[in-house]
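In this note's numbering, the protein residues as written are 2 to 129.
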């Protein structure tokens with residue numbers, strides 16, 4: 002997981018998700034541009050999650066290519082820079098009066114849909 006630490010340092014809490022942070026590699030970046038640049042150099046398509054930009058619905062997002070999903074902070078969302086550097090956009094379906102989910106809910110919804118469709122595809126998806 003790539004993390005942009007513009008002001009506050011990221012600190013994984015061992016009590017969260019029963020220590021799941023032990024099994025996830027974390028790659029910190031000082032700027033949004035450096036993070037996205039590195040991901041693009043590695044062949045990833047950058048997809049920003051936002052309710053405001055036109056793009057894919059979650060169920061339409063192609064799952065057969067390397068994809069990095071960008072999630073914003075719970076207070077301000079994605080930065081203008083992240084939106085400008087994204088290759089595509091995806092919206093997460095929401096119902097009712099809310100315009101956003103917290104980041105863990107957003108990530109869970111996106112990853113569940115992405116993984117479910119990836120498993121149903123002919124793509125080689127197994128982890129190495």
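All C-beta atoms in this analysis are idealised placements derived from N, C-alpha and C, irrespective of residue type, glycine included.
Less than 8 angstroms between the CB atoms is what I'm expecting for residue i and residue j, so what's the real figure, rounded?
| i | j | result |
| --- | --- | --- |
| residue 51 | residue 92 | 7 angstroms |
| residue 88 | residue 46 | 5 angstroms |
| residue 2 | residue 27 | 6 angstroms |
| residue 104 | residue 82 | Not a contact, Cβ separation roughly 18 angstroms. |
Taking the continuous beta strand (DSSP E) assigned at residue i, which residues delimit it?
| i | result |
| --- | --- |
| residue 48 | 46-50 |
| residue 70 | 68-71 |
| residue 29 | 28-30 |
| residue 1 | The requested residue 1 does not occur in the structure, where the chain is confined to residues 2 to 129. |
Please work out which residues of its chain come closer than 8 angstroms, Cβ to Cβ, to residue i, disregarding the five sequence neighbours upstream and downstream, and give them in chain order.
| i | result |
| --- | --- |
| residue 64 | 115, 118, 119, 122 and 124 |
| residue 58 | 91, 92 and 94 |
For residue i, name the three-state secondary structure that DSSP assigns.
| i | result |
| --- | --- |
| residue 93 | coil |
| residue 40 | helix |
| residue 58 | strand |
| residue 1 | The question about residue 1 has no answer here: the residues shown for the chain are numbered 2 through 129. |
| residue 35 | helix |
Closer than 6 angstroms by C-beta to residue i: which residues in its own chain qualify, once you throw out the five before and the five after it? Chain order, please.
| i | result |
| --- | --- |
| residue 101 | none |
| residue 73 | 79 |
| residue 68 | 46 and 48 |
| residue 37 | 47 and 86 |
Starting from residue i and walking both ways along the alpha helix (DSSP H), at which residues does that stretch end?
| i | result |
| --- | --- |
| residue 117 | 104-121 |
| residue 84 | 81-86 |
Hey, is residue i close to the ligand SAH, as in C-beta under 7 angstroms from one of its heavy atoms?
| i | result |
| --- | --- |
| residue 30 | No copy of the ligand SAH appears in this structure; indeed no ligand is present at all. |
Beta-carbon within less than 7 angstroms of residue i's beta-carbon, same chain only, minus the 5 sequence neighbours each way: which residues are those?
| i | result |
| --- | --- |
| residue 107 | 50, 72 and 93 |
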